[in-house]
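The next block holds one structure in the form of structure tokens; read it before the comments.
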Amino acid sequence: MTEVSYGVWDGIVFDNRDGASPFPASGFPELANVDDFDPKNRIRAFFGDRGFFIFDPTVSLVDALWRQMVEAADQSCGKCTPCRMGTVLVRDALDALRQGRPSPLGLAEIERLAEQMTATSMCGLGQTCASALLDALRGFRDVIEAEIARGPQPEQHGMAYMTAPCIEACPSRINVPRYIDYIRDGKPEHSLGVILQKYPMAATCGRVCVRFCEMACRRKFVDEAVGIKTLKRYVADQQTGSRALTFGRELIAQPLGADMRVAVVGAGPAGVSCAYHLLLHGYHVDILEAMGEAGGMAAIGIPSYRLPKSVLRKETDIITELGGRFLFNRALGRDFTIDDLFARGYRAVFLAIGCQQGIRLGVQDEDPSMPGYKSGIGFLLEVHDHVAGLKTVSLSGEVIVVGGGNVAMDCARSALRMGADKVHVVYRRTREDMPADSEEVEAAIAEGVVFHFLTNPVRIVSADGRITGVELATMRQTEPDRHGRRGVEAVPGTERVMPCVTLIAAIGQQVVKGALTADDGIAFDRWNCVAIDTFDLSTSRPGVFAGGDCASGPSTLIHAMANGLKAARSIDDWIQKGHTCFQARTRMRQILNDNKMLADDAVEVPVKPQYRVHHPELDPTVRKLMFEEVEQTISPEQAYREAKRCMRCYRTYSVITERAIPEGASP
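Heads up: take any position in the sequence shown, counting from 1, add 12, and you land on this note's numbering.
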């Protein structure tokens with residue numbers, strides 16, 4: 013790893029310029045993957061909101077600090093004077109100093125102005141953008157004064173990057189504070205535009221997203237996280253009637269020739285997102301889908317009470333409005349192969365075939381063909397067909413759902429709506445360990461679902477060829493392993509039988525067997541998922557990329573859509589340049605993530621507590637009898653109030669590198 017010459021981090025000064033001064037034993041962060049920014053382009057310095065590190069002592073500190081302040085001034089929203097004016101005044105003063113010109117401000121004045129910005133700015137950008145500057149002035153003023161005395165400083169290479177904890181937590185890296193700003197300004201259509209830069213399914217995501225952004229929201233240190241998902245749904249639901257955004261080929265800046273064709277296999281969130289971005293790039297895209305409708309797991313795996321099918325259909329229709337084609341009832345491995353696609357003239361293929369085959373429980377006397385046994389995904393498909401009027405399905409008696417994820421919650425809540433007398437959820441770990449969204453668990457409990465934690469099936473009980481119950485064992489937690497995770501083990505002698513008419517195994521899904529064969533040239537990993545290079549989503553076959561559940565295993569809708577965007581960029585590179593390109597912003601995110609650069613701490617300035625706005629909901633006693641949407645859209649007044657709770661926790665980061673960093677450089 014590149015050695016640190018000097019710097020300040022979290023208020024701790026590190027100085028090894030003479031090669032002999034040891035760093036403090038405590039407080040020095042473990043820096044990973046910071047030797048090179050891109051291949052053969054050494055990182056010479058790093059600057060952020062918690063301090064800075066100089067790896068090359070020949071770096072011009074004044075020039076580097078100026079670059080940091082240029083980004084802050086460019087990104088300032090201008091709503092408060094300390095940030096709006098302070099960033100510009102400090103930027104211009106540093107610019108004069110680095111060029112060897114007389115500065116309108118001396119170092120003492122720059123320091124006072126930086127302190128004022130930090131103490132009085134209204135949002136995170138102004139409160140933190142001068143942190144590295146203050147650290148440098150207080151810890152290494154001698155370096156700055158020596159540079160000023162030498163005169164004009166040499167031009168340096170590098171880049172700056174503005175982000176926030178919520179942005180980094182989002183797999184699609186949506187600029188959350190920006191789209192919230194537009195809501196606060198009364199411009200929901202501008203807000204939606206920010207989201208549409210990343211994916212087309214805003215209303216869908218606003219209903220079913222698992223909210224990684226809210227988990228990272230620093231407002232939680234004051235009261236509750238901002239309702240980012242709630243605001244996203246509000247923005248999307250405003251697009252109705254004459255106010256609705258329209259999509260058409262006119263949005264494509266540079267349409268490509270008819271031979272620029274790409275095949276997307278699978279019309280789920282990953283496939284739709286990939287097609288959307290490729291279409292906007294001017295490509296001609298066909299989506300081949302095994303089912304008779306678009307949406308994938310969002311269509312068949314998410315019940316209507318969470319995601320009305322009309323909402324999903326409106327968003328998948330964006331593909332046809334942009335000129336793309338859906339080719340339904342075309343299954344990979346049954347109706348065509350990857351060889352067929354290339355033979356038809358497609359330049360590249362994106363595999364987004366999902367995981368639509370259930371996984372068995374692996375217990376004694378398990379027989380998936382036995383009446384009363386259903387897989388989680390199989391049951392949700394039955395529910396989908398029932399609600400769509402394609403066939404009538406009903407339940408009675410007691411139902412046991414095995415699993416602890418969102419699919420298990422959807423199965424349990426749907427079983428009640430399908431007529432079950434009582435629904436039990438059996439999960440082998442504790443409630444705190446459940447991967448399901450906590451709100452989904454609470455909703456299930458409110459509707460009457462009974463949970464059995466630290467409980468695991470060991471045998472299927474049947475009579476006359478039909479399931480009559482499940483033998484369960486009580487589990488107990490074991491001692492934490494070296495990673496701090498506690499396992500579970502069965503408690504001897506605790507076996508008992510719980511009667512049921514229907515058993516739903518919702519412990520996971522896998523890629524449908526037979527969809528891909530050895531002749532396709534696609535390698536699988538040890539989890540039986542399509543093996544990919546995580547950098548560009550390429551597979552073992554040139555020109556074929558893969559993403560979504562088929563490459564990661566069952567995951568979230570937002571992860572799938574993020575994969576679609578990444579795949580579209582990689583496919584564009586592959587077709588236009590013959591290789592996938594380095595992305596500077598992605599590299600910056602890697603540095604921040606690998607080194608945990610974003611501090612998860614309390615707010616710097618006092619904020620008045622104001623608890624979040626919640627969706628209006630149908631009463632549990634009523635909603636459990638029907639598939640009408642449970643959550644309703646908030647009002648414009650509520651949206652404005654919620655948007656005001658955002659603290660705009662922007663941060664600026666920058667690097668100084670040996671060479672220039674062209675966006676889209678060759679790997």
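For each residue, glycine too, the CB sits at the ideal point set by N, CA and C.
- For P189, the enclosing alpha helix (DSSP H) has its first and last residue at V188 to R196.
- Judged by DSSP secondary structure, M227 falls within the alpha helix (DSSP H) whose first and last residues are F224 to A228.
- T551 counts as buried, since at least 16 other C-beta atoms from the protein chains shown sit within 10 angstroms of its C-beta.
- Across the structure, G390 and K52 are spaced so that their CA atoms are roughly 51 Å apart.
- T529 counts as exposed, since fewer than 16 other beta carbons sit within 10 angstroms of its beta carbon.
- Residue burial annotation: V503 is exposed, with fewer than 16 other C-beta atoms found within 10 angstroms of its C-beta.
- By the criterion of at least three beta-carbon pairs nearer than 8 Å, the segment 62-74 is in contact with the segment 18-28.
- Between the segment 576-588 and the segment 280-293, the count of Cβ pairs shorter than 8 Å is three or higher; the stretches touch.
- A distance of 8 Å or more separates the beta carbons of V482 and P492.
- In this chain, the beta strand (DSSP E) harbouring Q489 covers R478 to P492.
- L402 sits in coil when the DSSP states are folded into three classes, being neither helix nor strand.
- For L300, the enclosing beta strand (DSSP E) has its first and last residue at H296 to L300.
- Ranked by Cα distance from E83, the options V71, G60, D68 and D548 are led by G60.
- Ranking C512, R337 and R318 by CA distance to the CA of Y295 puts R337 first.
- A check of alpha carbon separations from A275 across L344, K589 and R230 identifies L344 as the nearest.
- Assigned with DSSP and collapsed to three states, I371 falls in coil, not helix or strand.
- Contact between V524 and I55 does not hold, since the beta-carbon distance rounds to 44 Å and is not under 8 Å.
- In the DSSP assignment, E83 falls outside any beta strand (DSSP E) and lies within the alpha helix (DSSP H) extending over L73 to Q87.
- The C-beta distance from A142 to T130 rounds to 6 Å, short enough to meet the 8 Å contact threshold.
- The beta carbon of C423 sits closer than 6 Å to those of G388, F391, V413, I516 and A518, all from its chain and outside the five residues before and after it, given in chain order.
- Note on L291: 16 or more other CB atoms within 10 angstroms of its CB, so buried under the neighbour-count rule.
- Around the beta carbon of G253, fewer than 16 other beta carbons sit within 10 angstroms, so the residue counts as exposed.
- If you look at D249, you'll find it in the alpha helix (DSSP H) that goes I240 to D249.
- Proximity to K199 across V247, I122, C541 and T242 peaks at V247, based on C-alpha coordinates.
- Distance between M309 and N418, taken at the CA atoms: about 12 Å.
- Cβ atoms of I186 and I179 come within 8 Å of each other, at about 7 Å.
- Just measuring C-alpha positions, the residue of L630, T140, D561 and P281 sitting nearest I299 is P281.
- Bounds of the beta strand (DSSP E) holding R273 are R273 to V277.
- Going by beta carbons, H464 and V438 fall inside the 8 Å limit.
- Around the CB of W586, 16 or more other CB atoms lie within 10 Å, so the residue is classed as buried.
- The straight-line gap separating the alpha-carbon atoms of D352 and V361 is approximately 11 Å.
- L339 and F354 have their alpha carbons spaced roughly 16 Å apart.
- In the DSSP secondary-structure assignment, Q595 is not bridged to any residue.
- The beta carbon of R190 sits closer than 6 Å to those of V206, all from its chain and outside the five residues before and after it, given in chain order.
- The C-beta of G559 has 16 or more other C-beta atoms within 10 Å across all chains shown, which makes the residue buried.
- Each residue's CA atom was taken as its position, placing L109 and E159 some 9 Å apart.
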